[in-house]
Structures are given as structure tokens and as C-alpha cells.
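Scroll down for the structure; my scribbles are underneath it.
2 protein chains.
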Amino acid sequence: MTLTPKGLATRQRIVEGGAALLRSEDAGEVTLDDVRAATRTSKSQLFHYFPGGKEELLLEVARYEADRVLADQQPYLGRLDSWGAWEGWRQAVIARYRAQGASCPLSSLMRHGDVPGGAEVISALLRRWQEELRRGIVTMQQKGEVSPDVNGELTAAALIAGVQGGVAVLRSTGDTTHLAAVLGLLIAQLRDSRSYSSPSWHPRATAAADATSRSNTGRSSSSVASSQ
Amino acid sequence: MTLTPKGLATRQRIVEGGAALLRSEDAGEVTLDDVRAATRTSKSQLFHYFPGGKEELLLEVARYEADRVLADQQPYLGRLDSWGAWEGWRQAVIARYRAQGASCPLSSLMRHGDVPGGAEVISALLRRWQEELRRGIVTMQQKGEVSPDVNGELTAAALIAGVQGGVAVLRSTGDTTHLAAVLGLLIAQLRDSRSYSSPSWHPRATAAADATSRSNTGRSSSSVASSQ
DNA sequence: AACTTTTTGGACCCACAAGTCCATAAAGCT
DNA sequence: AGCTTTATGGACTTGTGGGTCCAAAAAGTT
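In order, the protein sequence lines correspond to chains A and B. Numbering follows numbering that gives the first Met the number 0, in which position 89 of the first sequence is assigned residue number 88; successive positions increment by one, without gaps. Numbering follows numbering that gives the first Met the number 0, in which position 219 of the second sequence is assigned residue number 218; successive positions increment by one, without gaps.
Following this line, the structure appears as C-alpha cells:
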């Protein structure tokens with residue numbers, strides 16, 4: 000069951016066509032017949048290249064899209080070593096998802112619990128993504144642009160949540176305000192951290208239970224980023 | 000076509016049963032037969048009380064759940080007038096969604112674009128939610144606990160995005176870290192804002208295009224909240 | 001060229017889920 | 001009680017979508 004060049008091309012065409020469909024339609028709504036029509040293939044081809052049927056096809060599309068997600072954030076994401084790069088990244092994210100508008104194929108799969116391995120693809124993506132952000136924060140700390148007191152891991156996690164939520168809101172309201180706001184605020188917080196001060200309370204990455212007691216007397220200011 | 004008390008009760012039973020199902024299963028996966036079984040009703044009853052069929056039923060469930068979302072955040076959400084209340088709110092949100100775990104019925108509907116009016120229910124919920132948060136911020140500003148320079152509208156939007164994203168991540172990884180982190184950070188930013196300082200750049204709610212130029216020289220510190 | 005393997009077309013099957021229909025039971029009303 | 005309206009049960013229809021199958025075309029191999 001080896002793949003000839005021709006077969007490989009066909010397979011790729013199917014994946015890309017499927018991805019395109021999932022960008023405009025929900026995962027549960029796309030039918031194999033849609034894919035067939037969009038890729039000018041026959042039923043037997045779909046099952047030939049994806050013996051596991053729809054599930055396997057969707058999983059492959061998910062992998063394909065997961066790579067695109069990170070790729071679309073380059074070159075910024077890989078080089079978060081200046082405030083300009085951070086702003087560029089923020090804009091790239093906003094632009095990407097504004098353009099996409101409808102429903103991103105991944106969140107389609109995200110909740111498609113019935114696809115075994117789908118959750119794994121998603122969480123792997125989130126891990127890679129978060130790690131890139133964390134490295135960006137560390138880089139900024141090394142350059143003295145971000146306070147060493149900042150917990151990079153936690154802030155990266157917050158940024159990930161912010162992106163996901165911003166995109167979720169965007170998808171259901173068509174408005175980029177929330178996405179822009181949360182990223183702007185979190186980045187502003189990073190930027191302002193360097194200006195120094197007295198954190199009476201230190202961030203912990205591996206915090207055990209809950210930080211209910213957080214009496215804080217540090218003085219500081221917070222700036223707020225904006226963009227519609 | 001008036002509803003007798005008995006009929007009303009049945010109708011309610013269907014809505015609640017449907018909501019329960021949607022809490023554990025995806026909207027697209029739940030069948031009318033599932034609802035029928037779970038609510039001990041017959042096919043004809045479903046169509047009797049919801050002539051619009053599945054669509055109308057889902058919409059009704061969405062409305063029902065939307066109310067619950069806000070209700071589950073009380074009494075904190077309606078009374079964000081102290082840092083304790085904010086922390087209580089944060090904990091309530093985390094607890095609620097951790098307990099729910101699986102998929103929230105709303106996000107199920109959120110992307111179910113084929114349900115006319117569904118998007119409206121969602122965005123109405125988000126608006127109400129965001130407004131409550133905004134009022135909380137204003138209250139804190141009036142009490143001098145939050146800097147008047149903070150843009151409440153924008154910060155509330157960011158919190159909404161944070162919650163949505165945190166929950167999204169939670170749903171696909173089972174981890175509350177992101178949710179806790181983003182809320183913790185945003186609230187910490189609010190708390191630290193009061194400590195005063197010199198915002199050279201002022202937040203704007205109705206900002207026109209993009210804030211690419213945000214040279215900021217304000218001095219401040221940032222604290223980071225944590226919680227597993 | 002003869003033969004094997006891969007690729008492709010599309011008819012067919014099957015399960016399942018939404019929605020329809022009619023008959024019957026149970027209220028509600030006078 | 002007698003009549004009307006509402007509530008309920010469940011069989012039946014219908015459309016659709018995933019998956020199977022077989023046969024033929026196109027490569028690849030010697």
C-alpha cells in the first residue's frame with residue numbers, strides 16, 4: 000500500500016480541500032460528499048487514502064490546520080524580542096482571525112470529542128504555542144524589558160486563553176474588540192512590569208492551591224491598550 | 000393553542016432535560032430521540048411544544064442556559080464592590096466550569112450557525128455579562144480602588160475574552176490553569192492600577208483604528224495572580 | 001508486452017435521525 | 001354529562017450521509 004506521487008498529490012488535495020471546507024463550515028456539517036465535490040474525487044478515493052473514514056480525514060485536516068495556525072503568526076511568534084515584534088504578533092493574530100471570520104477548523108474539532116486524537120492535536124498545538132510565547136517573555140526579560148518577577152509560564156497561559164477567548168467572541172459576534180483588548184492589556188502589563196517596583200506578592204508557576212490571600216501593597220500604574 | 004399547567008410542566012421538563020443532555024454531549028450529536036428518552040416524552044410532544052422542531056428546541060435551551068450562566072456567578076457578579084468579591088467571582092467561574100468540564104451547551108450553540116437567533120442569544124449574554132463586569136469596575140473606581148484612568152469597557156471586554164478562552168482551553172485540556180491565570184492577571188492589573196502613577200498614554204474605549212504607537216513611559220509594577 | 005499494483009468511478013447498502021400523521025387519553029369547560 | 005381542546009403515544013415516511021464493493025483505468029515493473 001505504497002503511495003505513488005500521483006496518489007500523494009491526490010491525498011494532499013483532499014486534505015487541503017477538506018481544510019478549506021472546514022474554514023467556512025462546521026465540522027459536523029461537512030459531509031464526505033462535500034469534500035468529494037470540492038476536490039473532484041470519488042468516494043472510493045476518500046476511503047482509499049483514509050481507510051479510517053471521516054474520522055481519519057478530519058484528524059489529518061486538524062494536523063494540517065494546526066501547523067498553519069502557528070505558521071500564520073510568523074515571523075513574529077518566533078521572534079518576540081522587541082515590543083514592536085509583540086505588537087506585530089498581536090496584529091497578525093487579529094488580522095488572521097478577522098479574515099477567517101467564520102469558524103476556525105480547529106475549534107470545530109476542538110469540541111468534536113468523538114475524534115480520538117483530536118484533543119491531542121489541539122493540546123499539542125496549545126502547548127507549542129504557549130511555549131513560543133513563554134520564550135518570547137523570557138527573551139524580553141533577558142533584555143531587561145520585562146521584570147524578572149513576571150511569571151512567564153503563567154502569562155503565556157493567560158495570553159493563550161486570551162487569544163482563544165477573543166477568537167471565540169469574534170466568531171460569534173464578528174467583533175475584534177475583545178481579542179484586541181485582552182491581548183493589548185496583557186502585553187501592556189508585561190511592558191509596564193519592567194518599570195520596576197515592589198511586588199509584595201510574587202507570582203508562582205507551580206502554585207499549589209489557591210491564592211485567595213493576596214494583599215498587595217505594591218505601587219504601580221497600568222496602561223491599557225486599545226484598538227477596535 | 001394555549002398551554003395548560005400540565006403542558007407547561009412538560010415543556011419545561013423537555014427544556015431542562017435537553018439542557019442536561021447538551022451539557023454532556025455536543026449539540027450536533029444530541030438527537031431528538033435522546034431528548035425523548037431523557038424526558039420520558041414522545042415524538043409528538045416535542046413537535047407539539049416546539050413546532051419549529053429541533054431548531055426551536057435548541058434555541059429555547061440556549062436561552063435557558065444563558066440565564067443559568069449569569070445566575071451561577073451570583074452573588075458575586077452583581078456585587079463586585081470589593082477585591083474579595085472579585086476573587087470570589089473568579090473562583091465561582093473557575094468552579095462552575097471545572098465542574099461542568101465537558102462542553103458547555105452554549106458554545107455548542109455558539110458555533111451552530113444554522114440556528115437562527117442562536118448568535119443573538121449568545122451575543123446578548125455576552126453583552127449583559129460584560130456590562131456587569133464594567134459596572135463592577137466603575138464601582139471600584141468610585142471607591143478609589145481602581146484608577147480612574149482604567150478603561151472599564153475595554154477591561155470588561157478583556158475579562159470576557161479571558162473567561163471564554165480559559166473555558167475553551169479547559170474544555171479541550173481539562174486544565175483550569177489558563178482560566179485562572181488570565182483572570183488572575185487581569186484582576187491584578189486592575190488592583191495595581193489604583194496605586195497611581197503617570198499614564199502617558201490613555202486608554203480609549205472608542206479608539207478608532209489601531210494603537211500601533213504606544214510608547215509608554217509610565218512606571219509601575221505588575222503582580223501576577225496564580226491558582227492551579 | 002505481460003503482469004502486478006495503485007488509482008479512480010460510481011452504484012449500492014444500511015443505519016439513523018428529523019419530521020409527519022393519526023389515533024387515543026386526559027383535561028377543561030358549560 | 002357532553003363537548004371541545006389539549007396532551008400523549010408511537011408507527012411510518014423520507015432524506016441523507018457514512019461506508020462497502022466491484023470493476024475499470026492508469027501506473028509501475030520485469
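For glycine and all other residues, C-beta sits at the position ideal for the given N, C-alpha and C.
Shorter than 8 Å from the beta carbon of G52 of chain A to some beta carbon of chain B?
Not closer than 8 Å to any Cβ of chain B, the Cβ of G52 of chain A fails to qualify, so no.
So, E59 of chain A versus F49 of chain A, is the Cβ gap smaller than 8 Å?
Yes, they are a contact pair.
What did DSSP end up calling A142 of chain B once you bin it into helix, strand or coil?
It is worth fixing the name first, because residue 142 of chain B is Lys in this sequence and not Ala. Reduced to three states, the DSSP call for K142 of chain B is coil.
Would you tell me roughly how many angstroms separate the C-alpha atoms of T205 of chain B and V92 of chain B, rounded to the nearest one?
The predicted position of T205 of chain B is uncertain, since its pLDDT is 35 and thus under 50; a value taken from the coordinates is nonetheless stated next. Roughly 28 Å separates the two Cα atoms.
Drop a sphere of 10 angstroms on the beta-carbon of P202 of chain A, count the other beta-carbons inside from all chains shown, and report buried for 16 or more, exposed for fewer.
Per-residue confidence for P202 of chain A stands at a pLDDT of 45, beneath the threshold of 50, marking its modelled position as unreliable; the derived number appears in the next sentence. So P202 of chain A counts as buried.
What is the rounded straight-line gap between the Cα of R22 of chain B and the Cα of V114 of chain B?
Near 18 Å, if we compare the C-alpha coordinates of V114 of chain B and R22 of chain B.
For chain A, check one thing: does any of its Cβ atoms lie closer than 8 Å to the Cβ of S171 of chain B?
Taking Cβ atoms only, chain A reaches closer than 8 Å to S171 of chain B, which makes this a yes.
Kindly indicate the opening and closing residues of the alpha helix (DSSP H) around V68 of chain B.
Residues K53 to A70.
Using only CA atoms, which one of A:G16, A:R170, A:G17 and A:A84 lies nearest to C228 of chain A?
Since the first and last residues shown for chain A are 0 and 227, residue 228 of chain A lies out of range.
May I ask which residues mark the beginning and end of the alpha helix (DSSP H) holding D33 of chain B?
Run containing D33 of chain B: L31 to T38, per the alpha helix (DSSP H) assignment.
Helix, strand or coil for R193 of chain A per DSSP?
Three-state DSSP puts R193 of chain A in coil, outside helix and strand.
Cα separation between P198 of chain B and P147 of chain B?
Bear in mind that the predicted position of P198 of chain B carries a pLDDT of just 45, short of 50, making it unreliable; the figure below should be weighed with that in mind. Taking the straight line joining both Cα atoms gives about 11 Å.
Measure the CB-CB distance between V149 of chain A and I136 of chain A and report whether it falls below 8 Å.
Yes. Within cutoff.
With 16 other CB atoms within 10 Å as the buried threshold, where does D66 of chain B fall?
By the neighbour-count rule (16 or more Cβ atoms within 10 Å), D66 of chain B is not buried but exposed.
Just the Cα atoms here: how many angstroms apart are R126 of chain B and L185 of chain B?
Using only the alpha carbons, I get a separation of about 19 Å.
Pick out whichever of B:V14, B:A84, B:W88 and B:S41 has its Cα sitting closest to the Cα of E55 of chain B.
The residue with the shortest Cα to Cα distance from E55 of chain B is B:V14.
Pick from A:A26, A:D33, A:A18 and A:R193: whose alpha carbon is nearest that of K142 of chain A?
Among A:A26, A:D33, A:A18 and A:R193, the Cα nearest to that of K142 of chain A belongs to A:R193.
Anyone know if the C-beta pair for L182 of chain A and V166 of chain A falls short of 8 Å?
No. Outside cutoff.
Below 8 Å on the Cβ atoms is my contact criterion, and I expect S122 of chain A with T175 of chain B to pass it. Report the Cβ-Cβ distance as a whole number of Å.
The pair is not a contact, with the Cβ atoms about 14 Å apart (cut-off 8 Å).
Candidates B:T138, B:M139 and B:L132: which alpha carbon is nearest G161 of chain B's?
When each option's Cα is compared against that of G161 of chain B, the closest is B:L132.
So, is the C-beta of T1 of chain A closer than 8 Å to a C-beta in chain B?
Not an interface residue.
Does DSSP put F49 of chain A in a helix, a strand or coil?
It is coil, neither helix nor strand.
What would DSSP say about Y75 of chain A, mapped onto helix, strand or coil?
Y75 of chain A: coil per DSSP, three-state reduction.
Taking only beta-carbon positions, decide if A19 of chain B is within less than 8 Å of chain A.
So, not an interface residue.
Can you tell me whether DSSP reads T176 of chain B as helix, strand or coil?
T176 of chain B: helix per DSSP, three-state reduction.
Using only CA atoms, which one of A:R95, A:E86, A:G164 and A:L79 lies nearest to G151 of chain A?
If we check each option's Cα against that of G151 of chain A, A:L79 comes out closest.
Output the distance between the C-alpha atoms of G27 of chain B and G27 of chain A, rounded to the nearest integer angstrom.
Each residue's alpha carbon lies about 7 Å from the other.
Can you pull the chain B neighbours of V162 of chain A, defined as C-beta to C-beta under 7 Å?
Those are G164, listed as they occur along chain B.
Interface residues of chain A around Q141 of chain B at Cβ under 8 Å?
Chain A residues near Q141 of chain B: none, gap ~18 Å exceeds 8 Å.
Reducing DSSP to helix, strand and coil, say where S106 of chain A ends up.
Looking at S106 of chain A - three-state DSSP - the assignment turns out to be helix.
Using DSSP with H/G/I as helix, E/B as strand and the rest coil, what is A19 of chain B?
Three-state DSSP puts A19 of chain B in a helix.
Against chain B, which members of the segment 6 to 33 of chain A pass a CB distance test of less than 8 Å?
So the close ones are D25, G27 and E28.
Alpha carbon to alpha carbon, how far is Q99 of chain A from P4 of chain A? Give it in angstroms, no decimals.
Cα to Cα, P4 of chain A sits roughly 31 Å from Q99 of chain A.
Measuring alpha carbon to alpha carbon, tell me which of B:D71, B:A187 and B:R35 ends up nearest R10 of chain B.
For R10 of chain B, the nearest C-alpha among the options comes from B:R35.
On a Cα-Cα basis, can you pick out the residue from B:Q44, B:L20 and B:F46 that is closest to A37 of chain B?
Measuring from the Cα of A37 of chain B, the nearest candidate turns out to be B:L20.
For A94 of chain A, which option in A:M139, A:L108 and A:D71 has the closest C-alpha, if you only look at C-alpha atoms?
Here the closest residue by C-alpha is A:D71.
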